[in-house]
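Below is one structure, written out as structure tokens; comments come after it.
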Amino acid sequence: NAWQIKGIEKKKILLTEILEYIAKFAWYSESILRHFMIMISRNLFRSLPRRKKQLESDDDASEDPSWPHLQLVYELVLRLIVCTDIDKKIMRHYLEGKFVNGMIELFASEDAREREYLKTILHRIYGRFMPMRVTIRDSIANACYRTIYEGERSENGVAEFLEIFCSIIHGFSIPVKEEHKEFLRCVLIPLHKCRRLERFHEQLVACCVQFVFKDPAIAPMVLGGLLRFWPIQSPTKEEMFIAEVVNVINAMINHKNGVDLQPHWRILLAVIDQLIKCMKSKHHSIAERALLVWSEDAIEALVDMDKKIIWPKIIAAFIEEGIYKCLLCFLLFNFKNKNHWNEQLREYNEDAINNFKMRDQNTYSKIFDDYVKHKTLQNGFDNTANEKVKICRFFFRQTQYVSRLLTKKKQQTNRKSVNNIDGTSSVVLLKDRLILKCQNEQAINNNNFYVLNKSSLHPRFSCICLITFVDTRFVIDLTVFFYYFYRLMLSMLEKK
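Spelled out as structure tokens, the structure:
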């Protein structure tokens, strides 16, 4: 009503006059300070409206209608805290207890402007009044506990708490005290399981990375916590976890004093396994983020520390999930095409595996051979394992080359029927599908055949693309049923 509006305007005028007066004249006395603190408490400490669940979104920024005069009160608090005329012991007497706790409760406000003022004021209190630091940290921890475990308190203010704490961590002495590690273990790491992690994840990562910068031996604790709270049903959170893992490992690997990873090797292997699992995800954004991880310098340095153990796991995942299918799908995976459904991801997979090949071609080739031998033996082809490895490697080497040729020669692939291309095979048209029949074993032994997966024509057998080269300038791209070729190849191997 009009009376309330008039009262609010009068309050704004009075607060403005107070701020102007204390900025120009000496005013301090304990009596005035006491009345200031009473006035501040009565204006600031209030019950905050509870946010309705249906309104919970990042776009609905809420603004307190009382902010015009609340801002002036906060400005007064800030002036009092930094004022050098006030005795620090007397000021601490008024700040300790209910006042600081009340300010921490106000961090739940929906108004971002209010939270920003609160962050500045609390940080100034923490920096100027050293005896209050433990109390402030405990109060912040309690507020975070309520967000983590009770669910009644909203995520409002958590980002501001973490910004304050990030600057606090920067000033920690080395070695880091056990009480600070306890805060990391009991508060920061459990915050990762909050439902709306995206609201403060950036600040949370900054805190965890700051801890690792102070002491790289803390990194395994952070990584273990991430594995413990790794999300299952939220792709967005899973992407954030992958990014945080990279940041933590980067801070650990590149620490100026170095770090001995041997005592923590078990947890690091568990992290690698989790990244491989993400790489196999059917959700394209998770798989894409995990594939891009392998090109990070810190991750490269980590996986290269033990190529004998780590590389086989990663390369096996590349082979099973990537574009390298050719004969592997038929010989090793029981006719099941295991390639990812997203074409762009298959390209990322190819880029990632090329990166491994460039770093150490010999190690990569050995791991690939061992993998194929293991799969063929696993499927009961004991006597022909070596021959199958040789054939698989031949097709594998040609896959990328053929892919490029197909792109360039796509205009020349519209032929319906071709007979006796090179005297060793024929192509016939059957129900609008092209089927190739190999007439003799020579078709397999020469270098005229290249394989590239295309689609599926039968529930039991995959379909591939068999390209026959008369010479390097002429390509016929045919979608063919592979059954005859596969049977002929097996019979050839059995004869050997």
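Note that the numbering used here has the sequence shown beginning at 28, numbered continuously upward.
We treat Cβ as the ideally placed atom computed from N, Cα and C, and that holds for glycine.
Limits of the unbroken alpha helix (DSSP H) element including residue i
{"i": "Ala-246", "result": "246-255"}
{"i": "Val-127", "result": "125-132"}
{"i": "Ile-269", "result": "262-280"}
{"i": "Gly-154", "result": "139-155"}
{"i": "His-96", "result": "94-109"}
{"i": "Leu-224", "result": "Segment: none, Leu-224 is in no alpha helix (DSSP H) and carries neither H nor E."}
{"i": "His-311", "result": "311-320"}
{"i": "Trp-54", "result": "Element bounds for Trp-54: n/a, residue is neither H nor E."}
{"i": "Ile-195", "result": "185-197"}
{"i": "Leu-302", "result": "292-306"}
{"i": "Leu-218", "result": "Taken as a continuous stretch (DSSP letters only), Leu-218 belongs to no alpha helix (DSSP H), as it is neither H nor E."}
{"i": "Ala-325", "result": "324-330"}
{"i": "Ile-113", "result": "Ile-113 -> no alpha helix (DSSP H), and no H or E assigned at all."}
{"i": "Ala-168", "result": "160-172"}
Pair within 7 angstroms by beta-carbon distance, residue i and residue j
{"i": "Pro-262", "j": "Ile-313", "result": "yes"}
{"i": "Trp-96", "j": "Lys-33", "result": "Note on identity: in this sequence residue 96 is His, with Trp being the wrong assignment. No, Cβ-Cβ distance for His-96 and Lys-33 is not below 7 angstroms."}
{"i": "Phe-134", "j": "Arg-140", "result": "no"}
{"i": "Ile-342", "j": "Ile-394", "result": "yes"}
{"i": "Val-249", "j": "Cys-235", "result": "yes"}
{"i": "Lys-220", "j": "Phe-188", "result": "no"}
{"i": "Asn-274", "j": "Val-232", "result": "yes"}
{"i": "Ala-344", "j": "Ile-276", "result": "no"}
{"i": "Leu-107", "j": "Leu-42", "result": "no"}
{"i": "Leu-145", "j": "Met-130", "result": "yes"}
{"i": "Ile-117", "j": "Tyr-55", "result": "no"}
{"i": "Leu-253", "j": "Phe-268", "result": "yes"}
{"i": "Tyr-101", "j": "Met-64", "result": "no"}
{"i": "His-150", "j": "Ile-191", "result": "yes"}
{"i": "Ala-246", "j": "Ile-280", "result": "no"}
Buried or exposed by the 16-neighbour rule on C-beta atoms within 10 Å, applied to residue i
{"i": "Lys-335", "result": "exposed"}
{"i": "Trp-338", "result": "buried"}
{"i": "Glu-205", "result": "exposed"}
{"i": "Gln-301", "result": "buried"}
{"i": "Glu-36", "result": "exposed"}
{"i": "Thr-174", "result": "buried"}
{"i": "Val-185", "result": "buried"}
{"i": "His-197", "result": "exposed"}
{"i": "Lys-309", "result": "exposed"}
{"i": "Ala-29", "result": "exposed"}
{"i": "Ser-483", "result": "Reliability fails at Ser-483, whose pLDDT of 31 lies under 50, so the model's placement of it is uncertain and no value is given."}
{"i": "Cys-305", "result": "buried"}
{"i": "Glu-177", "result": "exposed"}
{"i": "Gly-285", "result": "exposed"}
{"i": "Asn-183", "result": "buried"}
{"i": "Ile-40", "result": "exposed"}
{"i": "Glu-90", "result": "exposed"}
{"i": "Ser-181", "result": "buried"}
{"i": "Pro-76", "result": "exposed"}
{"i": "Lys-524", "result": "The shown model of the chain, from 28 to 523, leaves out residue 524, and the question about it has no answer."}
{"i": "Ile-380", "result": "buried"}
{"i": "Phe-383", "result": "buried"}
Backbone secondary structure at residue i - three-state DSSP
{"i": "Arg-386", "result": "helix"}
{"i": "Lys-204", "result": "coil"}
{"i": "Gly-285", "result": "coil"}
{"i": "Arg-212", "result": "helix"}
{"i": "Leu-46", "result": "helix"}
{"i": "Asp-397", "result": "helix"}
{"i": "Glu-347", "result": "helix"}
{"i": "Glu-90", "result": "coil"}
{"i": "Leu-75", "result": "coil"}
{"i": "Glu-36", "result": "helix"}
{"i": "Pro-339", "result": "helix"}
{"i": "Ile-259", "result": "coil"}
{"i": "Asp-242", "result": "coil"}
{"i": "Ser-68", "result": "helix"}
{"i": "Ser-136", "result": "coil"}
{"i": "Ser-392", "result": "helix"}
{"i": "Glu-182", "result": "coil"}
{"i": "Gln-31", "result": "helix"}
Heavy atom of the ligand GTP within 6 angstroms of residue i beta-carbon
{"i": "Glu-205", "result": "Ligands in the displayed structure: none, and consequently the ligand GTP is not present."}
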